[in-house]
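Trainee:
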Amino acid sequence: MKGTDLFNLQELLSRQKLLICFSGPFSHSVIEELGKAVRNHLENEQIEKSSIMDVFSVYVEQAQNVRNYTASREALGRPIPANSGIVVIAKDGDHYVVSSGNLVEAEDVPGLSASLEKLRGLDKAGLKAAYKEQTRKPRDSMGAGSGAGLGLIDMARKATRPLEYSVRAVDSRYYFFSLEVQI
Amino acid sequence: MDSLRIEATSCSPFIEFDGTTGALRIEGESYPENSFDFYAPVFTWLEDFLKDPAPAVVLDIGLSYLNTSSIKCLIDVLEMLDTAHGAGRDVAVRWHYDRDNDRALDMAEEFKEDVTLPFDILAR
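Chains P and X, in that order, give the protein sequences. My numbering puts the first residue of the first sequence at 1, with every later residue one more than the last. My numbering puts the first residue of the second sequence at 1, with every later residue one more than the last.
1) Got a sec, what are the start and stop residues for the alpha helix (DSSP H) GLN16 of chain P sits in?
2) The beta strand (DSSP E) spanning ASN101 of chain X covers which residue range?
3) Consider the Cβ of ARG103 of chain X: report whether some Cβ of chain P lies at a distance smaller than 9 Å.
4) On the CB-based measure, 16 or more other CB atoms within 10 Å of its CB, does PRO81 of chain P come out buried or exposed?
5) Give the residues from the segment 37-50 of chain P that approach chain C closer than 9 Å (Cβ to any Cβ), ordered along the chain.
6) Of the residues that make up the segment 149-181 of chain P, which ones have a beta carbon closer than 7 Å to any beta carbon in chain X?
7) Assign GLU27 of chain X to one of three DSSP states: helix, strand, or coil.
8) Compute the beta-carbon to beta-carbon distance between TYR165 of chain P and LEU116 of chain P, rounded to the nearest angstrom, for a pair I have assumed lies under 8 Å.
9) What span of residues does the beta strand (DSSP E) with SER191 of chain P cover, start to end?
10) Give me whichever residues DSSP pairs with SER12 of chain X in a beta bridge.
11) Rounded to whole angstroms, what is the Cα-Cα separation between HIS85 of chain X and ALA56 of chain X?
12) Over the uninterrupted alpha helix (DSSP H) stretch that includes GLY26 of chain P, give me the two end residues.
13) Taking C-beta to C-beta, are ALA156 of chain P and PRO162 of chain P nearer than 9 Å?
14) My assumption, with CB atoms under 8 Å, is that PHE36 of chain X sits in contact with CYS11 of chain X. Please give the rounded CB distance.
15) Run the proximity test for LEU18 of chain P: is its beta-carbon closer than 8 Å to any non-hydrogen atom belonging to the ligand PLP?
16) If the cut is a Cβ gap below 7 Å, which residues of chain X does HIS28 of chain P touch?
17) Quick one: list the residues of chain P neighbouring ILE71 of chain X, beta-carbon separation under 9 Å, in chain order.
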């Protein structure tokens with residue numbers, strides 16, 4: 001990468017007050033190592049342990065979601081263009097914001113948007129009810145390699161404002177989906 | 001009955017289930033690459049173990065963090081124990097949390113809501 005491009009990229013990252021940024025293949029070891037780095041960093045920041053755990057756990061859910069989705073498309077024989085996932089953690093005033101983005105197949109966009117819209121409309125009690133309902137679904141009904149379907153609800157419960165998301169068409173097959181969670 | 005022992009890794013807990021004494025222990029953090037795969041031997045072991053009416057069971061949990069798919073697995077473990085308890089088995093759960101970790105306490109309280117078996121939440 002050319003020096004000027006690198007400079008511009010670094011400047012953009014600093015302007016956004018990013019603590020970490022990762023874009024590339026989301027292996028489990030990458031997720032784990034970055035998670036440890038985030039925790040170590042936050043432990044030196046003199047913030048409450050509960051906030052550290054919230055940032056860490058929202059980071060893990062987002063990174064594992066990106067990874068699981070990518071793996072599930074691979075298993076279907078429809079691999080997603082390589083290294084299209086990204087996860088960042090930024091500091092915004094008194095808050096931490098964990099965001100991620102990845103390519104999703106066009107056919108998954110309506111379902112994903114509907115789930116997020118539903119969660120955005122729920123208050124604390126509604127989110128808890130949705131969470132409990134999801135935990136009661138049998139494990140067998142959850143696809144192999146996917147999670148328990150609890151990640152988004154859990155993030156919404158930990159967030160200090162409704163989940164923000166966006167979808168943007170990249171080509172006829174893929175949309176870029178992004179999610180922003182403020183702690 | 002044989003015991004089940006799984007050593008801890010940096011993202012998965014230490015598990016030791018003693019089939020003779022009924023002392024079960026899960027300790028550490030849980031966010032393995034694939035939680036359903038990781039907990040599969042735990043479910044298999046418990047299913048066998050709970051077929052017998054004895055011994056009494058005490059599950060000590062010392063988990064400071066679980067990702068959501070691990071939470072689902074632990075809910076299912078507790079559900080199995082709760083069903084056994086409902087059928088007359090002597091079962092108790094003790095959840096140990098670090099005093100400075102509010103989130104572990106919140107989590108314990110939420111797990112407790114879903115079961116009727118004796119469930120103690122203890123600070124350490």
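For each residue, glycine too, the CB sits at the ideal point set by N, CA and C.
Mentor: This is what the structure holds:
1) Translated into the one-based positions of the first sequence, residue 16 of chain P becomes position 16. First-last for GLN16 of chain P: undefined, no H or E at that position.
2) In the second sequence, residue 101 of chain X corresponds to position 101, counting from 1. From DSSP, ASN101 of chain X is part of no beta strand (DSSP E); its letter is neither H nor E.
3) Taking the first residue of the second sequence as 1, we reach residue 103 of chain X at position 103. Cβ-Cβ to chain P under 9 Å: yes for ARG103 of chain X.
4) Locating residue 81 of chain P in the first sequence gives position 81, counting from the first residue. Exposed is the call here.
5) Of the chains in the structure shown, none is chain C; the protein chains are P and X.
6) So the close ones are LEU150, GLY151, ASP154.
7) Locating residue 27 of chain X in the second sequence gives position 27, counting from the first residue. Secondary structure of GLU27 of chain X (DSSP, three-state): strand.
8) Reading the first sequence from its first residue, position 165 is the one you call residue 165 of chain P. Reading the first sequence from its first residue, position 116 is the one you call residue 116 of chain P. Correct: roughly 5 Å between the Cβ atoms.
9) Look at the range of chain P in this structure, 1 to 183, and you will see that residue 191 of chain P is not part of it.
10) Counted from its first residue, the second sequence places residue 12 of chain X at position 12. In the DSSP output, where bridge partners are listed per residue, SER12 of chain X has X:THR9.
11) In the second sequence, counting from the first residue as 1, residue 85 of chain X sits at position 85. In the second sequence, counting from the first residue as 1, residue 56 of chain X sits at position 56. The straight-line gap from Cα to Cα measures roughly 10 Å.
12) On the first sequence, residue 26 of chain P is found 26 positions in, with the first residue counted as 1. Note that residue 26 of chain P is Phe in the sequence shown here, rather than Gly. Run containing PHE26 of chain P: none; DSSP gives neither H nor E here.
13) Residue mapping note: residue 156 of chain P aligns to position 156 of the first sequence, counting from 1. Residue mapping note: residue 162 of chain P aligns to position 162 of the first sequence, counting from 1. Yes, they are a contact pair.
14) Counted from its first residue, the second sequence places residue 36 of chain X at position 36. Counted from its first residue, the second sequence places residue 11 of chain X at position 11. Their Cβ separation, rounded to whole angstroms, is 15 Å, which puts PHE36 of chain X and CYS11 of chain X out of contact at 8 Å.
15) Questions concerning the ligand PLP fall outside what the structure shown contains, since it holds no ligand whatsoever.
16) The residue you call residue 28 of chain P lines up with position 28 of the first sequence. Correct list: GLU33.
17) As a position in the second sequence, residue 71 of chain X is number 71, starting the count at 1. Ordered by position in chain P, the residues that pass the 9 Å Cβ test against ILE71 of chain X are THR135, ALA148, LEU150, ASP154.
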